[in-house]
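With the first letter of the sequence shown counted as 1, position 770 gets the number 770 in full-length UniProt numbering; the numbers rise by one all the way through.
The beta-carbon is built from N, C-alpha and C at its ideal position, and this holds for glycine as well.
Just so it is clear, the structure is predicted and the values come from calculations on it, not from any experiment.
What follows is a single structure, written as structure tokens, with notes after it.
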Amino acid sequence: MMVQYLGLKAKAGDCLLFYRMGDFFELFFDDARVASATLDIALTSRGEHDGNPIPMCGVPVHAAEGYLARLIKAGHRVAIAEQTESPEEARARGGSKTLVARDIIRFVTAGTLTEDSLLDSWASNMLVAVSAIGDSVGIAAADISTGHFELVNVPHGALEAELARLAASEIIVTDGFIGAPLGAIQRPNAEFDSLAGEQSLKQLFMLSTLETIGALTRAELSAAGGLLAYLGHVGQGTMPFLKLPLHREVHDHLLIDQATRDSLEVNSGTKGGRAGSLLAEVDRTITGAGARQLATDLAAPLMDKARIDARLSLVQWFHDAPLLRDAIRMALRQLPDIARALGRVVAGRGSPRDVGQIRDGLNGARTLRERLGNADDRPLLLDQLLPSLDGHGAMVDLFTRALVAAPPTDTGQGGYIAEGYDAALDSLRLAGRDGRHAIAQMEARYRALTGISALKIRHNAVLGYFVEVPAKYGDALLAPGSGFTHRQTMAGAVRFNSPELHEEAVRITQASGHAVAAEAAHLEELIVYVLDRRDAISASAEALARIDVAAALAERAVEGGWCRPTFSDSPELHIDGGRHPVVESALSKSGDRFIANDCTLTPDRRLWLVSGPNMGGKSTFLRQNALIVLLAQAGSYVPASVARLGLVDRLFSRVGASDNLARGRSTFMVEMVETAAILAQATPRSFVILDEVGRGTSTYDGLAIAWAVVEGIHEKNRCRCLFATHYHELIRLAESLDALSLHHVRAKEYKGDLVLLHELAEGPADRSYGIAVAKLAGLPPSVIARAQTVLSKLEKGRAETGGLAAGLDDLPLFSAALNLAEARVDVLRDKLNGLDIDSLSPRAALDLLYELKRAAGEE
Ligand SMILES: Nc1ncnc2c1ncn2[C@@H]1O[C@H](COP(=O)(O)OP(=O)(O)OP(=O)(O)O)[C@@H](O)[C@H]1O
Numbered sequence: 001m002m003v004q005y006l007g008l009k010a011k012a013g014d015c016l017l018f019y020r021m022g023d024f025f026e027l028f029f030d031d032a033r034v035a036s037a038t039l040d041i042a043l044t045s046r047g048e049h050d051g052n053p054i055p056m057c058g059v060p061v062h063a064a065e066g067y068l069a070r071l072i073k074a075g076h077r078v079a080i081a082e083q084t085e086s087p088e089e090a091r092a093r094g095g096s097k098t099l100v101a102r103d104i105i106r107f108v109t110a111g112t113l114t115e116d117s118l119l120d121s122w123a124s125n126m127l128v129a130v131s132a133i134g135d136s137v138g139i140a141a142a143d144i145s146t147g148h149f150e151l152v153n154v155p156h157g158a159l160e161a162e163l164a165r166l167a168a169s170e171i172i173v174t175d176g177f178i179g180a181p182l183g184a185i186q187r188p189n190a191e192f193d194s195l196a197g198e199q200s201l202k203q204l205f206m207l208s209t210l211e212t213i214g215a216l217t218r219a220e221l222s223a224a225g226g227l228l229a230y231l232g233h234v235g236q237g238t239m240p241f242l243k244l245p246l247h248r249e250v251h252d253h254l255l256i257d258q259a260t261r262d263s264l265e266v267n268s269g270t271k272g273g274r275a276g277s278l279l280a281e282v283d284r285t286i287t288g289a290g291a292r293q294l295a296t297d298l299a300a301p302l303m304d305k306a307r308i309d310a311r312l313s314l315v316q317w318f319h320d321a322p323l324l325r326d327a328i329r330m331a332l333r334q335l336p337d338i339a340r341a342l343g344r345v346v347a348g349r350g351s352p353r354d355v356g357q358i359r360d361g362l363n364g365a366r367t368l369r370e371r372l373g374n375a376d377d378r379p380l381l382l383d384q385l386l387p388s389l390d391g392h393g394a395m396v397d398l399f400t401r402a403l404v405a406a407p408p409t410d411t412g413q414g415g416y417i418a419e420g421y422d423a424a425l426d427s428l429r430l431a432g433r434d435g436r437h438a439i440a441q442m443e444a445r446y447r448a449l450t451g452i453s454a455l456k457i458r459h460n461a462v463l464g465y466f467v468e469v470p471a472k473y474g475d476a477l478l479a480p481g482s483g484f485t486h487r488q489t490m491a492g493a494v495r496f497n498s499p500e501l502h503e504e505a506v507r508i509t510q511a512s513g514h515a516v517a518a519e520a521a522h523l524e525e526l527i528v529y530v531l532d533r534r535d536a537i538s539a540s541a542e543a544l545a546r547i548d549v550a551a552a553l554a555e556r557a558v559e560g561g562w563c564r565p566t567f568s569d570s571p572e573l574h575i576d577g578g579r580h581p582v583v584e585s586a587l588s589k590s591g592d593r594f595i596a597n598d599c600t601l602t603p604d605r606r607l608w609l610v611s612g613p614n615m616g617g618k619s620t621f622l623r624q625n626a627l628i629v630l631l632a633q634a635g636s637y638v639p640a641s642v643a644r645l646g647l648v649d650r651l652f653s654r655v656g657a658s659d660n661l662a663r664g665r666s667t668f669m670v671e672m673v674e675t676a677a678i679l680a681q682a683t684p685r686s687f688v689i690l691d692e693v694g695r696g697t698s699t700y701d702g703l704a705i706a707w708a709v710v711e712g713i714h715e716k717n718r719c720r721c722l723f724a725t726h727y728h729e730l731i732r733l734a735e736s737l738d739a740l741s742l743h744h745v746r747a748k749e750y751k752g753d754l755v756l757l758h759e760l761a762e763g764p765a766d767r768s769y770g771i772a773v774a775k776l777a778g779l780p781p782s783v784i785a786r787a788q789t790v791l792s793k794l795e796k797g798r799a800e801t802g803g804l805a806a807g808l809d810d811l812p813l814f815s816a817a818l819n820l821a822e823a824r825v826d827v828l829r830d831k832l833n834g835l836d837i838d839s840l841s842p843r844a845a846l847d848l849l850y851e852l853k854r855a856a857g858e859e
């Protein structure tokens with residue numbers, strides 16, 4: 001057995017091996033140690049290997065899913081080795097001592113799950129393959145629980161933002177991939193061959209050319225190949241459900257990198273969970289598929305005005321029709337998750353319950369279609385969706401006849417094919433029922449015959465049917481010629497068989513065995529039926545999800561008094577009465593009111609410098625505007641009274657600093673890395689919010705960096721930007737930067753206490769209120785008093801010397817300084833370009849080096 005085990009373990013590689021033995025999956029050696037620690041189950045040992053006891057632990061097969069879930073959550077992958085023949089088959093093959101053959105039938109990994117119990121119903125579960133060829137990176141992503149499959153080609157600089165959008169559960173890369181994302185699994189390069197990838201795609205979708213998908217790059221083909229090869233490996237040959245891949249362009253959607261998603265708390269709040277996130281705040285969807293669609297929409301807001309408006313028109317339609325909206329949402333509540341059920345069926349793990357869910361879901365879709373089809377003034381998007389909800393009538397009818405109302409997950413006991421569907425099956429069941437009836441009669445007869453009223457005919461899994469009498473009556477039946485044969489003596493009872501009982505039992509077992517087999521054959525037919533129609537079923541599921549999302553966004557908009565955003569061609573951002581949805585609802589829970597604020601960025605006033613006291617609401621203001629952009633482009637109403645914007649191509653947010661210890665970076669380092677990314681990537685169509693850049697280091701360094709960053713954004717990136725700062729000195733930038741304007745959050749002192757108004761006003765803040773806020777926070781009076789003394793000394797010094805920025809009067813502007821430096825570099829570059837290195841003697845080369853060095857020094 002160990003030889004067999006070790007062979008399978010070698011095949012399982014770095015996955016834990018679940019080795020099937022009877023009713024248990026056993027784990028051995030290190031796997032057992034890891035699993036017992038993660039699952040908190042007993043570690044025992046069994047037999048010896050190389051003279052040492054073999055560590056072992058096991059989980060019962062019927063409860064394996066729960067244990068698998070915990071192992072996967074803890075970051076493990078598991079290979080499942082099943083018995084591939086029955087003990088009888090093994091004996092027939094090679095005699096009584098022959099080991100049952102086993103093989104790995106499947107790998108369970110975070111990105112390739114389909115089981116309901118292992119998945120969150122509201123989140124997609126993405127497996128992502130990444131492959132870099134030359135300048136481009138190909139990304140193939142699939143959610144096999146629903147069949148979603150997409151390909152995208154991105155420049156290296158956009159990889160991170162794309163991975164952030166996809167929020168993969170599992171990432172695979174080529175062996176030796178440089179800069180692989182954290183936790184990525186390396187797979188052999190051969191699996192990422194682009195030609196093989198092209199072949200696999202053609203084969204899987206039975207296409208002679210891939211043009212139907214789009215013009216795919218080699219990197220995309222390579223990533224697709226890697227993904228398909230991995231799925232083949234994981235499923236050990238059974239391919240899961242994949243729809244024809246969606247070919248995305250990286251400019252299809254608003255790019256948002258991970259740092260920005262984190263700081264805006266788009267999908268998860270500060271504590272990591274969904275609570276406190278934008279998604280949780282907005283999500284009013286009813287179905288799991290709707291929740292997943294909404295998360296996908298918010299992760300990838302659109303860049304196409306027509307598509308955004310199509311979504312918004314559907315939201316508005318539901319918004320303006322409360323009764324219809326309620327009715328539709330009520331109907332959606334009844335619908336099972338068709339997409340996930342279909343995913344399981346295609347992956348070969350479909351149960352009667354899944355088929356039943358598909359039936360009920362499609363039936364509901366048909367009713368919805370009728371209802372929506374009768375409504376007036378339908379928006380275009382709805383008319384495009386409606387046909388997909390229909391067309392399954394024959395299948396629904398068939399499944400309704402074939403399956404019971406609530407079919408079970410387990411097929412072992414049968415009972416899921418409906419009465420009246422198959423006459424032969426009905427008569428087998430009847431035979432079983434007759435048999436059980438006959439046994440009941442037999443019991444009554446035996447009682448009369450023996451005079452033992454406590455006599456029972458019972459059934460268990462080991463003995464089958466038997467006659468049981470209390471121990472004190474045992475002797476009567478043990479007597480020769482009683483017609484009963486002894487089977488078992490228990491503490492309080494004795495068990496017997498009789499020829500008549502035996503005969504009847506065989507009849508029942510055979511009939512029910514045949515019935516279960518007949519049901520299984522019918523299930524198989526129904527599954528084939530589903531498989532043949534998988535694309536249409538999946539289109540219905542998608543349409544339902546889209547309708548759910550639109551109705552849910554309408555619901556949220558009504559709840560919050562949100563408005564429909566409009567889009568213009570100019571790179572502007574015009575928001576009246578903007579609010580932060582998460583902060584607003586947190587405040588309303590404690591009975592407080594959120595103060596709405598306006599924001600108007602236009603090409604000639606595109607950079608707002610926002611100052612004001614701590615706790616004044618600067619960060620909130622910055623973020624609310626970024627969130628409004630994100631929501632608008634995702635096709636949602638927004639928390640404002642008016643919102644008009646030119647489409648944003650990239651959204652950047654650097655708000656607050658946090659250590660990224662996992663990557664070995666300090667707070668300041670993280671801040672600088674993120675700021676660098678913004679300066680390198682923001683375009684005139686981007687929207688950037690920057691909060692207190694430079695605060696993580698010494699005052700002079702920080703101010704200098706903040707100063708240069710504002711100049712850089714204004715002169716080079718030329719994007720829309722909100723910049724919050726406590727550096728009072730920065731207001732002097734307004735003199736030199738003509739598209740920069742000054743704003744502050746208002747505060748006033750009332751009877752010696754600070755009152756924060758959370759209201760935005762034009763102009764710079766009159767002073768900072770740091771110490772007043774510290775007092776609010778409860779710093780001891782002695783410390784506050786001391787701080788006041790230190791502050792007045794410092795302020796006196798500042799007044800005398802002209803302050804921190806005193807020496808900056810004659811500082812040339814960022815762009816001018818940049819041109820100057822470039823011009824200087826050009827002198828050296830010209831000299832270098834003019835060189836004929838081959839004709840230089842070593843001596844002349846050395847002289848030249850000195851000369852260049854001197855020239856650089858002079859510059
Ligand atoms: N517009 C608003 N209306 C009502 N309350 C607000 C508003 N904006 C912010 N607040 C409240 O003020 C708190 C502090 O806001 P925020 O963090 O935005 O301040 P800040 O100016 O960025 O502070 P710091 O400079 O210390 O980072 C919020 O948690 C919220 O409770």
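_Cβ-heavy atom distance, Gly616 to ligand 1, below 8 Å_ = yes
*6 Å Cβ shell around Pro581 - same chain, five flanking residues per side excluded*: Glu281 and Pro639
_Distance, Val154 Cα to Leu852 Cα_ = 40 Å
*Boundaries (first-last residue) of the beta strand (DSSP E) holding Ala747*: Leu740 to Tyr750
*Is there contact between the region 627-647 and the region 674-684, where contact requires at least three CB pairs shorter than 8 Å?*
no
*Under three-state DSSP, which class holds Phe496?*
strand
*Buried or exposed: Asp659, going by 16 or more other Cβ atoms within 10 Å of its Cβ?*
Reliability of the predicted coordinates at Asp659 is poor, the pLDDT of 48 falling under 50, and no value is obtained from them.
_I need the DSSP call for Leu8, collapsed to helix, strand or coil._
helix
*Taking only the alpha-carbon atoms, compute the straight-line gap between Asp847 and Val827 and give it to the nearest angstrom.*
18 Å
*Look up Ser841 in the DSSP assignment and say whether it is helix, strand or coil.*
coil
*asked:* For Ser194 and Met672, I'd like the C-alpha separation in whole angstroms.
replied: 37 Å
*asked:* For a quick check, are the C-beta atoms of Val78 and Thr98 less than 9 Å apart?
replied: no
_Delimiting residues of the beta strand (DSSP E) encompassing Glu85_ = Segment: none, Glu85 is in no beta strand (DSSP E) and carries neither H nor E.
*Three CB pairs or more closer than 8 Å across the region 390-408 and the region 477-487*: no
_Any C-beta of chain B under 9 Å from that of Gly435_ = Absent from the structure is chain B; it holds one protein chain and no more.
*Is Asp354 helix, strand or coil when you go by DSSP?*
helix
_Which residue wins for smallest C-alpha separation from Asp278, given the options Arg556, Leu342, Ala418 and Leu68?_
Per the sequence presented here, residue 278 reads as Leu, with Asp not at that position. With distances taken between Cα atoms, Leu278 lies closest to Arg556.
*Apply the 10 Å Cβ neighbour rule to Pro842 and answer buried if 16 or more other Cβ atoms are within range, or exposed otherwise.*
exposed
*Can you tell me whether DSSP reads Glu48 as helix, strand or coil?*
strand
*Output the boundary residues of the beta strand (DSSP E) element that contains Ile689.*
Phe687 to Asp691
*Return the chain-ordered list of same chain residues with a C-beta closer than 6 Å to the C-beta of Glu584, the five sequence neighbours on each side being excluded.*
Phe594
*Arg325, buried or exposed, once every other Cβ within 10 Å from all chains shown has been counted against 16*: buried
*Do the CB positions of Asp738 and Lys618 come within less than 9 Å of each other?*
no
*Taking Thr44 as the reference, which of Met490, Thr789, Ala32 and Asn52 has the closest Cα?*
Ala32
_Span of the alpha helix (DSSP H), counted from its first residue to its last, around Phe177_ = Premise fails: Phe177 is in no alpha helix (DSSP H) and is neither H nor E.
_Residue environment, Asn625, which counts as buried when at least 16 other CB atoms sit within 10 Å_ = buried
*Grab the span of the beta strand (DSSP E) containing Thr600 for me, first residue to last.*
Asn597 to Leu601
*On a CA-only basis, which of Glu150, His148, Arg369 and Ala219 is nearest Val173? Give me that one, please.*
Ala219
_Identity of the residues DSSP links to Lys456 by a beta bridge_ = Glu468
_Any 3 or more C-beta pairs closer than 8 Å across the region 723-731 and the region 557-569_ = no
_In whole angstroms, give me the CA-to-CA distance for Gly58 and Thr260._
44 Å
*Starting from the C-beta of Ala74, find all residues in its chain whose C-beta is less than 8 Å away, skip the five residues before and the five after it, and write them out in chain order.*
Thr38
*asked:* Measuring only the C-alpha atoms, how far is Ala224 from Gly412?
replied: 38 Å
_Please return the same chain residues whose Cβ sits closer than 6 Å to the Cβ of Ala634, not counting the five positions on each side in sequence._
Asp297, Leu298 and Pro301
*If I'm right that Val315 touches Ser568 with Cβ under 8 Å, what's the distance once you round it to whole angstroms?*
No, Val315 and Ser568 are not in contact; Cβ-Cβ is about 20 Å, not under 8 Å.
*Give the C-beta separation of Leu216 and Leu210 to the nearest angstrom, bearing in mind that I take them to be a contact with Cβ-Cβ under 8 Å.*
6 Å
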